[in-house]
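S.K.: So the sequence shown is numbered by this note's numbering: it starts at 1015 and just counts up by one.
Cβ atoms here follow ideal geometry from the backbone N, Cα and C, with glycine treated the same way.
Take a look at the following structure, please.
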Amino acid sequence: MRKTPTLDQHLNVSDKNITSVSREKRVFKPTAEFQRQANLGSMAAYKKLHAESVNAPETFWKRMATEHIVWRKPFKKVLQWKAPQAKWFVGGALNVSENCLDRHLGTARENKAAIIFEGEPGDVRTITYKQLHLHVCRLAHVFENLGVGKGDRVAIYLPMIPEAMIAMLACARVGAIHTVIFGGFSPEAVKDRINDCQAKLVITADGGWRRGKIIELKSAVDKALPACPSVQACLVVKRTAHEIKMTEGRDIWWHDAWKGGPNFHKAKAFDSEHPLFILYTSGSTGKPKGVLHSSAGYLLGAKLSSHYIFDLKETDRYFCSADIGWITGHSYVVYGLLSNGSTVFLYEGAPNQPEPDRFWEMIDRHSLTILYTAPTAIRAFMRWGDNYVLKHRLDSLRLLGSVGEPISAEAWQWYHKMIGKGRCPIVDTWWQTETGSIMIAPIPGVTPCKPGSATLPFFGVSIKVVDESGKEVPRGTGGKLVITKPWPSMLRTLWNDAPRFKQAYFSEFPKHPDWYFTGDGAQQDKDGYFWIVGRIDDVLNISGHRIGTAEVESALGSHPAVAEAAAVGKPDELKGQALVVFVSLKNGIQATDELKEQLRAYVGKEIGSFAKPDQIRIAAALPKTRSGKIMRRILKQIAVGGEVKGDTSTLEDFSVIAALQSED
Ligand code: PRX
């Protein structure tokens, strides 16, 4: 496992960004109108609650858990913490699907839309809470008939359709652990994830719509499953209705599976700490990490943050454009929103299908009130041009959100002015797959915003910026971002890999074995606002997708022409970061454009097309230290086209650099 590089190696480049971002001196205060109707309306109230949440966490979380969660059995103890192992709400029992569905039945929400779905071809379905409950109950019976129950793993590989949400909730209902695999992953990646968690059941669709074409999900599953001995059955949703192969004895159509069984399903209660899901994410080795989240703490984090940060109201119609296959889709499409009884708008397809104004057109047509999206999407909208936005009114919107990467001051301003018409607050939310819920974000009726800063920590979040030794750095200085106290929605472990869990998150500061290291660099300004620099480990953020450089390297390493590969990121106007891979070839293999294209396609096949390198640079050799370690710092500098600076005294062969600079 690679050691996290030193701060100097990272922050010298990024600090410049921070300084330039900080030049945007304007502060955007919440409007009086927004503040008046906000769920939390004063800085004094935020400060009081935040102080209580970090100084007396047990009192705070006991109250929140009692108010926000429907318990079957009350918990006895708020927290049991022996780093890195946290147990929250010890002794309590609940059912997460009951907390998202049954609690709303018999109330005014029963006939309220839980999901408004729009497919890319334009088909619309509205599903009320009562109907969603029925679908989930029926699927829970199907699971039980298939022998899928408590602790079994279920892989979900679906487009953005209501069945994805139904499948997740049905897993929660029977105590099965879901692992949602983003539809853009290749059969190879699907196979690895299924095998890692030994899934018993796979749920997929014949296909999904994206940019007018069918994404062939079922055929990808067909390629993966022969090498997945743990899988006993595959449920298939009919979405595109094109011809697919069904394997007898294994594949079952979703619409045939229930066969008129019971409509009601009595949900069992599970322990607070019962695992809810595994979500694979990239780390700094070639193997993705199976982040494991548990039930009560995760649900509470997702529910509470949704309520305060999106300022949820009964009448909201909330649209999050993130795919269900990422953590944002879990916390802020499914669990956080449904537990609050909100109406979620779910869109299947691409933002520019049929035209680049699809989002704006849908926002007007469905009167959507909240939009939560990513800076990479905002940059694409900016590039497509203001005219696409100006054709629409967007007057139903009242709040905007951003997630996934730092938002530049320019993109923030555009979002605020063009989409929010200067009226909607923007919540820039910093968090991670591992944190389960938002950690740093403005409270929209309270926090004055500075474009580019995620602002202040949410309730229960003790977070600081420290140097290599763990000492807090002065305000205005860059450092490593650490969370110093456990929080309810934190990951509990990495699936089947407790040593890596400890190593990856709780070993950065030997003097503080109970600190969680985020992998991000950040700085706080004089007002205590957090400015996130980005990853300081070998993880890239490409169009909001998290990709480990080691994953790409290990994929390429298995190509017969490749001797060695080193992947680095370079800044990219649209994607945030672009992926550049330096490759040295095996003896006797010729570097051709065709080979470069083959290598790109190979990464697409091994991981998924979103991970295809933007550039492959073939070199006779890669720069190494005398002990044989690839000098990535130098490769990063070469990738951005700059001269090589800094200490090169450990470099083994100087001619390698000149050769790399002349190659493109
Ligand atoms: O580097 C940070 C960046 O995304 C990383 C987490 O990626 P992932 O687990 O895929 O989750 C993305 C959605 C929560 C972080 O370590 N990141 C996320 N949100 C922000 C951000 N960087 C800056 N500002 C944000 N608002």
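Is it true that the CB of Thr-1443 sits closer than 8 Å to the CB of Val-1417?
M.R.: Yes; because the gap between Cβ atoms is below 8 Å, this pair is in contact.
S.K.: Three Cβ pairs or more, each shorter than 8 Å: is that satisfied between the region 1570-1583 and the region 1425-1437?
M.R.: No, the region 1570-1583 is not in contact with the region 1425-1437.
S.K.: In chain order, what residues of the same chain have a beta carbon less than 7 Å from the beta carbon of Pro-1462, not counting five sequence neighbours either side?
M.R.: Answer for Pro-1462: Val-1041, Phe-1042, Lys-1043, listed in chain order.
S.K.: With 16 other CB atoms within 10 Å as the buried threshold, where does Thr-1073 fall?
M.R.: With fewer than 16 Cβ atoms within 10 Å of its Cβ, Thr-1073 is classed as exposed.
S.K.: Would a C-beta distance cut-off of 8 Å place Glu-1419 and Pro-1389 closer than the cut-off?
M.R.: Yes, the Cβ-Cβ distance between Glu-1419 and Pro-1389 is below 8 Å.
S.K.: Could you tell me whether the Cβ atoms of Ile-1323 and Ile-1457 are closer together than 8 Å?
M.R.: In contact: Ile-1323 and Ile-1457 (Cβ atoms closer than 8 Å).
S.K.: Since Ala-1579 is in the alpha helix (DSSP H), which residue starts that stretch and which ends it?
M.R.: Where Ala-1579 is concerned, there is no enclosing alpha helix (DSSP H), although the beta strand (DSSP E) it sits in stretches over 1576-1586.
S.K.: How many angstroms separate the CA atom of Ala-1672 from the CA atom of Ala-1581?
M.R.: If you take the alpha carbons of Ala-1672 and Ala-1581, they lie about 19 Å apart.
S.K.: For Trp-974 and Val-1156, which I take to be in contact (beta-carbon distance under 8 Å), what is that distance rounded to the nearest angstrom?
M.R.: Because the chain here runs from 1015 to 1678, residue 974 falls outside it and cannot be looked at.
S.K.: Is Ile-1420 near the ligand PRX, in the sense that its beta carbon is under 7 Å from a heavy atom of that ligand?
M.R.: One point to set straight first is that residue 1420 is Pro, not Ile, in the sequence displayed. Because some heavy atom of the ligand PRX lies under 7 Å away, the Cβ of Pro-1420 counts as near it: yes.
S.K.: Just to check, is the beta-carbon of Gly-1622 closer than 7 Å to a non-hydrogen atom of the ligand PRX?
M.R.: For the ligand PRX, not one heavy atom lies less than 7 Å from the Cβ of Gly-1622.
S.K.: Run the proximity test for Asn-1555: is its beta-carbon closer than 7 Å to any non-hydrogen atom belonging to the ligand PRX?
M.R.: Yes, since a heavy atom of the ligand PRX falls inside the 7 Å radius drawn around the Cβ of Asn-1555.
S.K.: Nearest-angstrom Cα distance between Met-1453 and Trp-1445?
M.R.: Each residue's Cα considered, the two are about 5 Å apart.
S.K.: Does the beta-carbon of Trp-1426, which I'm using as the reference point, lie nearer than 7 Å to any heavy atom of the ligand PRX?
M.R.: Answer for Trp-1426: no, Cβ out of range of the ligand PRX.
S.K.: Please classify Trp-1085: does DSSP put it in a helix, a strand, or coil?
M.R.: In this structure, Trp-1085 counts as coil in the three-state DSSP scheme.
S.K.: Can the beta-carbon of Ala-1181 be found less than 8 Å from the beta-carbon of Ala-1213?
M.R.: No, the Cβ-Cβ distance between Ala-1181 and Ala-1213 is not below 8 Å.
S.K.: Residues in the same chain with beta-carbon distance under 6 Å from Ala-1635, minus the five sequence neighbours each way, listed in chain order, please.
M.R.: If we look at Ala-1635 and ignore the five residues flanking it on each side, its Cβ neighbours are Ser-1598, Val-1670.
S.K.: Of all the options Val-1250, Asp-1337, Met-1078, Val-1204, which has the alpha carbon lying nearest to the alpha carbon of Pro-1365?
M.R.: When each option's Cα is compared against that of Pro-1365, the closest is Asp-1337.
S.K.: Among all the DSSP beta bridges, which residues are the ones paired with Ser-1286?
M.R.: In DSSP, Ser-1286 forms no bridge with anything.
S.K.: For Arg-1264, which residues of its own chain have a beta-carbon under 7 Å away from its beta-carbon, when the five flanking residues on both sides are left out?
M.R.: The answer, listed in chain order, is Ala-1247, Cys-1248.
S.K.: If we count the other Cβ atoms within 10 Å of its Cβ and call it buried at 16 or more, is Gly-982 buried or exposed?
M.R.: Nothing in the structure corresponds to residue 982, since the chain is present only between 1015 and 1678.
S.K.: In three-state DSSP terms, what is Phe-1395?
M.R.: If DSSP states are grouped into helix, strand and coil, Phe-1395 belongs with the helices.
S.K.: Is the closest heavy atom of the ligand PRX to the C-beta of Gly-1533 under 7 Å?
M.R.: Yes, the beta carbon of Gly-1533 sits closer than 7 Å to at least one heavy atom of the ligand PRX.
S.K.: What would DSSP say about Pro-1527, mapped onto helix, strand or coil?
M.R.: Coil.
S.K.: Using three-state DSSP, classify Val-1553 as helix, strand or coil.
M.R.: Val-1553: strand per DSSP, three-state reduction.
S.K.: Might you give, ordered along the chain, the residues of its own chain that have their beta carbon closer than 7 Å to the beta carbon of Glu-1230, omitting 5 neighbours on each side?
M.R.: Answer for Glu-1230: Gly-1221, listed in chain order.
S.K.: Quick one: what's got a C-beta closer than 6 Å to Thr-1662's C-beta in the same chain, skipping five residues either side?
M.R.: Result list for Thr-1662: empty, nothing under 6 Å.
S.K.: Spatial neighbours of Phe-1359 within its chain, please: C-beta separation below 7 Å, excluding the five flanking residues on both sides.
M.R.: Here the set comprises Ile-1130, Arg-1331, Tyr-1332, Phe-1333, His-1380, Leu-1382.
S.K.: Can you name the residues that DSSP bridges to Cys-1248?
M.R.: According to DSSP, Cys-1248 bridges with Val-1216, Asp-1265.
S.K.: Secondary structure at Thr-1390, three-state DSSP: helix, strand or coil?
M.R.: Helix at Thr-1390.
S.K.: According to DSSP, simplified to helix, strand and coil, what is Thr-1342?
M.R.: Looking at Thr-1342 - three-state DSSP - the assignment turns out to be helix.
S.K.: Going by DSSP, what residues sit across from Thr-1357 in a beta bridge?
M.R.: Thr-1357 is bridged to Arg-1331.
S.K.: Compute the minimum distance between the beta carbon of Val-1417 and the heavy atoms of the ligand MG, and state whether it is under 7 Å.
M.R.: For the ligand MG, the structure offers nothing, since it holds only the ligand PRX.
S.K.: Where does the unbroken beta strand (DSSP E) through Lys-1091 begin, and where does it stop?
M.R.: Note, Lys-1091: beta strand (DSSP E), 1091-1096.
S.K.: Does the distance from the C-beta atom of Leu-1505 to that of Leu-1318 stay below 8 Å?
M.R.: The answer is no: Cβ separation not under 8 Å.
S.K.: If you follow the beta strand (DSSP E) that Tyr-1171 is part of, which residue opens it and which one closes it?
M.R.: Element bounds for Tyr-1171: 1167-1171.
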